[in-house]
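Q: When the letters of the sequence shown are read in order and numbered with UniProt numbering, they come out as residues 1 to 368.
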Amino acid sequence: MNACRQQGACLAINVDKWYACLEEISECHSLPPPSEDEKLPVGTGSNPVFIVSDNVIKIYAEGGLGYSVHGLGTELEFYDLVQKLGSPLINHIPEIIASGFLVYQDGVYRTVPWDGKGIPDVLAKYYPLEVFYADSCFPLGLWSKQLLGMTSSTDVSDKPIWPYMVARKCKGDIFARIRDTLSMTEILNLASSLGVQMRNIHRLPLPHVELEHVSESWNANIKAKESSTFNVAHVPPEWKQVVSTLDRRKKNIKKHLSNWGGSIPQVLIDKAEEYLPDDMSFLIKFVKDDDGDSVYAVPSWIHSDIMDDNILSEGTTEPRTSTGCTTDEDLNKMDAIHIIDFSDLSIGATAYFTRTTSWELYLACGRS
1 MNACRQQGAC LAINVDKWYA CLEEISECHS LPPPSEDEKL PVGTGSNPVF IVSDNVIKIY
61 AEGGLGYSVH GLGTELEFYD LVQKLGSPLI NHIPEIIASG FLVYQDGVYR TVPWDGKGIP
121 DVLAKYYPLE VFYADSCFPL GLWSKQLLGM TSSTDVSDKP IWPYMVARKC KGDIFARIRD
181 TLSMTEILNL ASSLGVQMRN IHRLPLPHVE LEHVSESWNA NIKAKESSTF NVAHVPPEWK
241 QVVSTLDRRK KNIKKHLSNW GGSIPQVLID KAEEYLPDDM SFLIKFVKDD DGDSVYAVPS
301 WIHSDIMDDN ILSEGTTEPR TSTGCTTDED LNKMDAIHII DFSDLSIGAT AYFTRTTSWE
361 LYLACGRS
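1. Can we say the region 45-55 touches the region 166-175, given the rule of at least three CB pairs closer than 8 Å?
2. What did DSSP end up calling Thr111 once you bin it into helix, strand or coil?
3. Please state the DSSP three-state secondary structure of Asn252.
4. When burial is assigned at 16 or more other CB atoms within 10 Å of the CB, is Pro48 buried or exposed?
5. With a Cβ-Cβ cutoff of 7 Å, do Ala61 and Trp143 count as a contact?
6. Within the region 255-295, note down every full alpha helix (DSSP H) run reaching 4 residues or more, in order along the chain.
7. Using a C-beta cutoff of 7 Å, does Tyr67 count as contacting chain B?
8. Hey, out of Leu40, Pro277, Ile201, whose CA is closest to Asn91's CA?
9. With a threshold of 16 other CB atoms inside 10 Å of the CB of Asn310, please say whether the residue is buried or exposed.
10. By a C-beta neighbour count over all protein chains shown, 10 Å radius and 16 as the cutoff for buried, is His234 buried or exposed?
11. On the criterion of 16 or more Cβ atoms from any shown chain inside 10 Å, does Glu77 qualify as buried, or is it exposed?
12. Thinking C-alpha only, which one of Leu276, Gly71, Tyr126, Leu89 is nearest Ser99?
13. Taking all protein chains shown into account, decide if Met280 is buried (16 or more other Cβ within 10 angstroms of its Cβ) or exposed.
14. State the CB to CB distance for the pair Leu345 and Glu75, rounded to an integer number of angstroms; the pair is presumed to be in contact (CB under 8 Å).
15. In whole angstroms, what is the alpha-carbon distance linking Gln241 and Gln146?
16. Are at least three pairs of beta-carbons, each pair with one atom in the region 111-129 and one in the region 241-258, less than 8 Å apart?
17. By the 10 Å Cβ neighbour count, where 16 or more other Cβ atoms means buried, how is Trp18 classified, buried or exposed?
18. Ala272 and Ile253 - do their beta-carbons sit closer together than 7 Å?
19. Select from Arg203, Ile51, Leu85, Asp173 the residue whose C-alpha is nearest the C-alpha of Ala336.
Rendered as structure tokens:
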């Protein structure tokens with residue numbers, strides 16, 4: 001929570017900077033200029049987000065350039081996959097209008113459009129990263145993001161370049177604002193609709209990657225893990241990055257909880273590592289085969305942030321009938337949900353989505 005407050009304060013302090021960025025993006029993509037009421041960022045997140053007319057403009061500023069560019073790259077890869085496969089999910093996620101980079105140079109901001117494919121020269125200039133999947137269509141997509149999570153190097157956040165995305169504003173209001181007005185029947189219906197879209201996400205195939213073509217750095221990292229406190233050699237190739245990332249995060253769990261868990265007692269933070277298994281692959285082997293033995297779950301796309309401010313529903317904010325009953329029309333509106341903010345996409349088991357789901361909807365899913 002402390003880190004959240006600090007990031008929110010930073011956004012408020014830099015409001016003139018982000019507004020200048022908004023103006024440049026709007027001009028580049030021929031968007032309508034913001035009104036007086038649209039000149040300030042909205043929401044409580046750590047990335048500046050503007051709503052101008054029917055468009056949502058998000059600037060990726062959190063976590064440094066490496067983290068933010070992989071967030072955008074993975075999100076663009078995901079949207080491209082949904083569109084190519086014709087998944088019904090396409091009707092329940094934002095429509096992407098434009099994306100790219102903002103570059104501050106010689107006292108002015110300029111935009112460099114980018115659709116996630118290839119690596120633009122401006123990015124290579126400011127972030128000369130080693131690209132492990134340069135031959136793929138989306139070199140900074142999901143697999144590269146997973147590999148970034150394995151590294152322990154820190155990324156500076158003061159480079160004069162920021163990724164951005166422009167999306168069409170989804171209909172409805174966020175669940176956080178309307179949940180107190182909903183009946184249990186409406187919440188159950190919303191949870192059911194959310195479950196359908198979660199299934200659509202989990203059914204999407206992971207991007208294809210030839211593991212034998214990865215860089216020497218990746219292979220060296222795996223070998224180093226094989227000689228660490230647990231044996232990763234037995235882990236299936238598609239899970240090795242995930243297990244290695246979990247192992248690294250385990251070693252950093254106390255610092256992470258201290259920064260983000262303001263309500264967690266220090267005595268629990270000090271014992272956090274004791275609650276985690278020595279072999280982190282244990283967290284993935286929770287599926288039983290026909291003989292009752294634990295086996296690895298099938299990996300899938302994971303949203304990682306299904307919280308009450310990332311679920312939109314047309315819902316019903318109008319007074320109900322004189323009898324106070326929920327009508328069929330009300331329930332149909334609850335079916336019209338949208339899921340937003342896919343910048344934290346990752347690889348995991350389908351059960352992982354319950355870890356980051358609004359508790360009201362989680363309970364409702366259990367009842368339905």
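Cβ atoms here follow ideal geometry from the backbone N, Cα and C, with glycine treated the same way.
A: According to the data block:
1. yes
2. strand
3. coil
4. buried
5. no
6. 266-270
7. Of the chains in the structure shown, none is chain B; there is only one protein chain.
8. Ile201
9. buried
10. exposed
11. buried
12. Gly71
13. buried
14. 6 Å
15. 6 Å
16. no
17. buried
18. yes
19. Asp173
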